[in-house]
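Asker: Position one of the sequence shown corresponds to residue 1 (full-length UniProt numbering), numbered consecutively onward.
Don't be surprised by glycine CBs; every beta carbon is placed ideally from N, CA and C.
Bear in mind the structure is a predicted one, so any value in this text is a computation, not a measurement.
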Amino acid sequence: MNAADTAFILAAAGLVLLMTPGLALFYAGMVRSNNVLGTIMQSLIMISIISFEWVYIGYTMSFGPDIGGFIGDLSWFALKGVTTAPSDTYATTIPQIVFMIYQCMFAVITPALITGAFAERVRFAPFVVFSLLWAILVYNPVCHWIWGSGGWLGKMGVLDFAGGLVVHVTCGAAALAAILVIGPRRGYGKENFMPHNLPMTMLGTGLLWFGWFGFNGGSALAADNVAATAFVATHLAGMAGMAMWTIMEWIKLGKPTTLGAASGAIAGLVCYLAVSAKTRLGYDDSLDVVGIHGVGGAVGTLLLGVFASRAVNPGGVDGLIAGATSQLVSQFIGVVVVGVYAFVVSYVLVKVIHATMGLRVSEESEVQGLDYAEHSETAYN
């Protein structure tokens, strides 16, 4: 066991946890003023609900002893046998319980990301049920397929260093499924849904950027050269994304926007086109989850098959530029399989919950706003 690695991953876990309240602020600043607390609550409740699920069944389903390449068994139910001793399989230089809590933070933020797609129009109780079932039926299986020992996509060679597939493609596919079932906000395309507090969104951007150092750097699972490379690449990616999105807006609109700068820092240039396309396609992805996370995760996953190099990570693989074509094929298969699975299961899940519990708020509640309609509170007096 390595004390430096342990300290590093503990710190990284804290940074990833910080991303969820950062996301709450990022989203809350972009909604209307009568939906601020409802939006924040949808993200923050995941820290409780998904952590509970992870401790009892999520971790063992995702990383437990393999069953046929598709799911982990229940050997580690309620963290049975998960101790301060290192795992024989995962992150062998740190206590297994540290690896568990680090992965928990990934599980927490993933369903929170989905909430931006259907902001301002979903009831709280059915949403909590959806999130819990989604974690069990989508996140945990996909996590095992790719990151779990014996997972079938992992054995095929599909790589996901820090959640491009497990986090971003799954939440993007789920977001698309949800908005197709739930439908657009009332007045979408007719009313002007302007962000009510962009400084709040910028604060959330800063917290997300800061947390991403733990998200990406910590995914090396050791305080080593790979972590250092990921740490630097994280900052450079955010920097370049912010710069290029700002330039594109400057060219297209004549003026740069703070919202564009924030979106660029989170997503990068490739997602600018995807976000712009939603208007032409006519779906109401309120806070651009499909474009930023779904498309961004898919493109990033595919580009790993192009740019991967053992010169950067000796324990990794070579991609297309290094002369290997097989990795790009594997990455493509991973994107298609994960995207289709997450979309289909999410679509069915939203349909069932909407039919049985009523996922969408009433017209009166939507006009009133989620803050008072769902929580009997107001953000501003």
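1. Can you find a CB in chain B that lies within less than 7 Å of the CB of residue 8?
2. Give the DSSP-derived three-state secondary structure of residue 335 in the structure shown.
3. How would you label residue 134, buried or exposed, when you count the other beta carbons within 10 angstroms and need 16 or more for buried?
4. Mind checking which residues open and close the alpha helix (DSSP H) that includes residue 320?
5. Just confirm the distance between the C-beta atoms of residue 210 and residue 15, as a whole number of angstroms; I'd bet it's less than 8 Å.
6. Is residue 141 a contact residue of the ligand FAD, with contact defined as CB to any heavy atom under 6 Å?
7. Can you tell which of 101, 157, 240, 295 has its C-alpha closest to the C-alpha of residue 7?
8. Name the residue from 126, 75, 322 whose alpha carbon lies nearest to the alpha carbon of residue 42.
9. Between residue 188 and the rest of its own chain, which residues show a CB-CB distance below 6 Å, the 5 nearest in sequence each way excluded?
10. Would you mind giving the Cβ-Cβ distance between residue 179 and residue 98, rounded to the nearest angstrom? I have them listed as a contact below 8 Å.
11. I need the straight-line Cα distance from residue 246 to residue 262, nearest angstrom please.
12. In whole angstroms, what is the alpha-carbon distance linking residue 50 and residue 205?
13. What does the alpha-carbon distance come out to for the pair residue 157 and residue 165?
14. May I ask you to report which of helix, strand or coil DSSP gives residue 385?
15. Report, in whole angstroms, the separation of the C-beta atoms of residue 295 and residue 148, which I expect to be a contact under 8 Å.
16. Enumerate in chain order the residues of its own chain whose CB-to-CB distance from residue 87 is below 6 Å, with the five nearest sequence positions on each side excluded.
17. Roughly how many angstroms separate the alpha carbons of residue 303 and residue 200, rounded to a whole number?
18. Between the beta-carbon of residue 216 and the beta-carbon of residue 265, is there less than 7 Å?
19. At 4 residues or longer, what runs of the alpha helix (DSSP H) sit wholly inside the stretch 202-274?
20. Taking its Cβ as the centre, do 16 or more other Cβ atoms sit within 10 Å of residue 301, making it buried, or is it exposed?
21. In its own chain, which residues sit with a C-beta less than 6 Å from the C-beta of residue 82, not counting the 5 before and 5 after it?
22. Would you tell me roughly how many angstroms separate the C-alpha atoms of residue 222 and residue 5, rounded to the nearest one?
23. Evaluate residue 176 with the Cβ neighbour count: other Cβ atoms within 10 Å of its Cβ, from every protein chain shown; 16 or more gives buried, anything less gives exposed.
24. How many angstroms separate the CA atom of residue 334 from the CA atom of residue 24?
25. DSSP state of residue 69, grouped into three classes?
26. So, using beta-carbon positions, are residue 237 and residue 230 closer together than 7 Å?
27. For residue 40, is the classification buried or exposed, using 16 other Cβ atoms within 10 angstroms of its Cβ as the cut-off for buried?
28. Where does residue 184 sit, in a helix, a strand or coil, going by DSSP?
29. Of the choices 141, 45, 212, 140, whose alpha-carbon is the least far from that of residue 112?
30. Within its chain, find whatever has a CB closer than 6 Å to the CB of residue 347; leave out the 5 residues flanking it on each side and keep chain order.
31. Below 8 Å, can you find three or more Cβ-Cβ pairs linking the stretch 115-129 to the stretch 346-362?
32. Under the three-state reduction of DSSP, which class applies to residue 95: helix, strand or coil?
33. Tell me residue 360's beta-bridge partners as DSSP assigns them.
34. Please check the pair residue 116 and residue 287, which I expect to be a contact at CB under 8 Å, by giving their CB distance rounded to whole angstroms.
35. Buried or exposed, going by whether 16 or more other CB atoms sit within 10 Å of the CB of residue 310?
36. Inspect the beta-carbon positions of residue 63 and residue 69 and report whether they are closer than 7 Å.
Answerer: Taking the geometry as given:
1. The chain inventory of the structure shown lacks chain B, comprising one protein chain alone.
2. helix
3. buried
4. Element bounds for residue 320: n/a, residue is neither H nor E.
5. 7 Å
6. For the structure depicted, the ligand FAD is absent and the ligand set is empty, with no information on it obtainable.
7. 101
8. 126
9. 284
10. Rounded, the Cβ-Cβ distance is 37 Å, inconsistent with contact.
11. 9 Å
12. 23 Å
13. 13 Å
14. With the chain covering 1 to 381 only, the question about residue 385 has no answer from this structure.
15. Going by Cβ atoms, the distance from residue 295 to residue 148 rounds to 26 Å, so no, they are not a contact pair.
16. 96
17. 32 Å
18. no
19. 225-253, 258-267
20. buried
21. 76, 96, 97, 100
22. 5 Å
23. buried
24. 29 Å
25. coil
26. no
27. buried
28. coil
29. 45
30. 177
31. yes
32. strand
33. 122
34. 3 Å
35. exposed
36. no
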